[in-house]
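A short worksheet on the structure shown next.
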DNA sequence: CAGATGACAGATATTGAAATCTGTCATCTG
DNA sequence: CAGATGACAGATTTCAATATCTGTCATCTG
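Protein chains in written order, with my numbering: chain A, 66 to 266; chain B, 66 to 266.
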């Protein structure tokens, strides 16, 4: 079905896989489904991805990268003072996740399953985000707004990331609809920012 | 089997249930098992607990209460300065959880399942812990060590609890064996404590 | 008669046979 | 001959029949 004359690329396979996952969910989306949607045999899919797991990982990475890229924009050096940039970065992360979870819960559940399967991909993504945070914090130190813990801006960035887990880890997605959540987010961010701010000597 | 002449009390049923859960795990521990272990018919168990869910909740509550009680001791007013008391409280919570998870992983996995089933019990437990934190923080404010966010010590306590989720939420138990975890805990606690400390006016 | 029992109905879990899927590879085709 | 195919073996999933469990209640017993 859907016989296309176009060349079979990794890109096209990824798109078909996303679609299959959206349609059938993580438990039922098979490599055979993907091949069928592309009008090829499933053997051809295995020419581009060694295993089903590798295929799913590639889809997962793509999904995470979309968020990383948006945040990278905010983390980039700019005229915004680091404390505001940090706040903006955290709020954007929270909002992005919350929308992903709230706007299409089924798709979000699907990706949550994929995330659990692909711990290496997730670790890499977290490392990227921590790097971005670390850049903002480092700039804050340079500009005199922030002080790190133990003079280590990466460890401090990791701490900021962990301290805000509740507002970006999909494990907490079910709490993101509750009424007071915005206020709770603000309180944690305020506390963390106060912790980062340089004391007046 | 194991015919005892002793009266059938809620307490004895709870003990037998814990034992059944330890032996068979959460998926296979049945009310019939519990009754058999006590040498009574399963109908008798239903005289003390309305449903299997209520029985499991009671077991879960007991387990959580053991931790609450240890922490209540630390949260109680004492000569320890609030910042140290808070640090000690958080460290004790982390250590307690980490030992529960590490010393008997199977039993911990069992309780993790029970925790997911009994959201009301968990919420109550979290509320208790937040109350304890709130007491310490309030004392810190009174003694001039701390400042809250928005003058709200309960909201601030909740923020402290959420900011340290990674070190007490069973969802993260698998990360508690990793080498750097102690340092990461210390960094987050340092950051949070800095956030709480009153600025010098 | 307070408290225990066990038969029972409906819900849930287990099991094993059949169906489907994953990953390989010898073969085919443009 | 680069790239696609589909038959195949072993792994995994599905499905329906069977067994077990939950929760109730009429009945029993000390």
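We treat Cβ as the ideally placed atom computed from N, Cα and C, and that holds for glycine.
Since this is a predicted model, take the numbers as computed values, not measurements.
By DSSP's criteria, residue i is part of a beta bridge. Which residues make up the other side?
{"i": "residue 211/A", "result": "262/A"}
Going along chain A, which residues have a C-beta under 7 Å from residue i?
{"i": "residue 253/B", "result": "224, 227, 228"}
{"i": "residue 231/B", "result": "227, 230"}
{"i": "residue 267/B", "result": "Outside the displayed span of chain B (66 to 266) sits residue 267/B, for which this structure offers no information."}
Looking only at its chain, what residues have a beta carbon closer than 8 Å to the beta carbon of residue i, apart from the 5 residues adjacent to it on each side?
{"i": "residue 67/B", "result": "Residue placement at residue 67/B is poorly supported in this model, since its pLDDT is 41, which falls under 50; the coordinates still yield a value, given next. Closer than 8 Å at the Cβ level, and outside the excluded window around residue 67/B, lie 102, 103, 104."}
{"i": "residue 253/A", "result": "228, 229, 231, 232"}
{"i": "residue 245/A", "result": "none"}
{"i": "residue 96/A", "result": "107, 110, 111, 117, 120"}
{"i": "residue 135/B", "result": "157, 161"}
{"i": "residue 143/B", "result": "150"}
Run down chain A in chain order and give the residues with a C-beta less than 8 Å from the C-beta of residue i.
{"i": "residue 221/B", "result": "252, 256"}
Only counting the same chain, and skipping five residues up and downstream in sequence, which positions put a Cβ closer than 7 Å to that of residue i?
{"i": "residue 209/A", "result": "263"}
{"i": "residue 237/B", "result": "231"}
{"i": "residue 200/A", "result": "140"}
{"i": "residue 100/B", "result": "106, 107, 109, 110"}
{"i": "residue 133/B", "result": "190, 193, 194"}
{"i": "residue 250/B", "result": "159, 232"}
{"i": "residue 72/A", "result": "none"}
{"i": "residue 187/B", "result": "180"}
{"i": "residue 98/A", "result": "85, 89"}
With distances taken Cα to Cα, identify the nearest neighbour of residue i among the options.
{"i": "residue 160/A", "options": "127/A, 234/A, 123/A", "result": "234/A"}
{"i": "residue 137/A", "options": "92/A, 172/A, 192/A", "result": "192/A"}
{"i": "residue 196/A", "options": "141/A, 240/A, 265/A", "result": "141/A"}
{"i": "residue 89/B", "options": "176/B, 132/B, 72/B, 139/B", "result": "176/B"}
{"i": "residue 123/A", "options": "261/A, 185/A, 216/A, 214/A", "result": "185/A"}
{"i": "residue 239/A", "options": "216/A, 167/A, 256/A", "result": "167/A"}
{"i": "residue 214/B", "options": "151/A, 258/A, 93/A, 265/A", "result": "258/A"}
{"i": "residue 92/B", "options": "247/B, 171/B, 216/B, 248/B", "result": "171/B"}
{"i": "residue 261/B", "options": "247/B, 225/B, 96/B", "result": "225/B"}
{"i": "residue 211/B", "options": "87/B, 265/B, 85/B", "result": "265/B"}
{"i": "residue 87/A", "options": "74/A, 143/A, 162/A, 169/A", "result": "169/A"}
{"i": "residue 255/B", "options": "151/B, 162/B, 216/B, 143/B", "result": "151/B"}
Give me, in chain order, the residues of the same chain whose beta-carbon lies closer than 6 Å to that of residue i; leave out the 5 immediate sequence neighbours on both sides.
{"i": "residue 165/A", "result": "173"}
{"i": "residue 121/B", "result": "179"}
{"i": "residue 242/B", "result": "none"}
{"i": "residue 76/A", "result": "none"}
{"i": "residue 247/B", "result": "none"}
{"i": "residue 162/A", "result": "233"}
{"i": "residue 94/B", "result": "85, 86"}
{"i": "residue 216/A", "result": "none"}
List the residues of chain B whose Cβ lies closer than 8 Å to the Cβ of residue i, in chain order.
{"i": "residue 265/A", "result": "264, 265"}
For a contact defined as C-beta to C-beta under 7 Å, what are the partners of residue i on chain B?
{"i": "residue 214/A", "result": "252, 255, 256"}
Along chain A, which residues have their Cβ under 9 Å away from the Cβ of residue i?
{"i": "residue 236/B", "result": "234, 236, 237"}
So residue i contacts chain B; which residues on that side make the cut at Cβ distance below 9 Å?
{"i": "residue 259/A", "result": "212, 214, 259, 260, 261, 262, 264"}
For the stretch 106 to 117 of chain B and the stretch 214 to 230 of chain B, state whether three or more C-beta atom pairs, one from each stretch, are separated by less than 8 Å.
Per the Cβ contact rule, the stretch 106 to 117 of chain B is not in contact with the stretch 214 to 230 of chain B (fewer than 3 Cβ pairs under 8 Å).
Quick check: the stretch 77 to 87 of chain A against the stretch 100 to 112 of chain A, are at least 3 beta-carbon pairs closer than 8 Å?
Output reads yes: the stretch 77 to 87 of chain A touches the stretch 100 to 112 of chain A.
Taking one C-beta from the stretch 203 to 210 of chain B and one from the stretch 137 to 150 of chain B each time, how about it: are there three or more such pairs within less than 8 Å?
Yes, the stretch 203 to 210 of chain B touches the stretch 137 to 150 of chain B.
Under 8 Å, with one C-beta from each stretch per pair, do the stretch 224 to 233 of chain B and the stretch 154 to 161 of chain B reach the 3-pair mark?
Contact holds: three or more Cβ-Cβ distances are below 8 Å.
Is there contact here, the stretch 170 to 188 of chain B with the stretch 120 to 128 of chain B, by at least three beta-carbon pairs under 8 Å?
When C-beta atoms of the stretch 170 to 188 of chain B are compared with those of the stretch 120 to 128 of chain B, three or more pairs fall below 8 Å, so the two segments count as touching.
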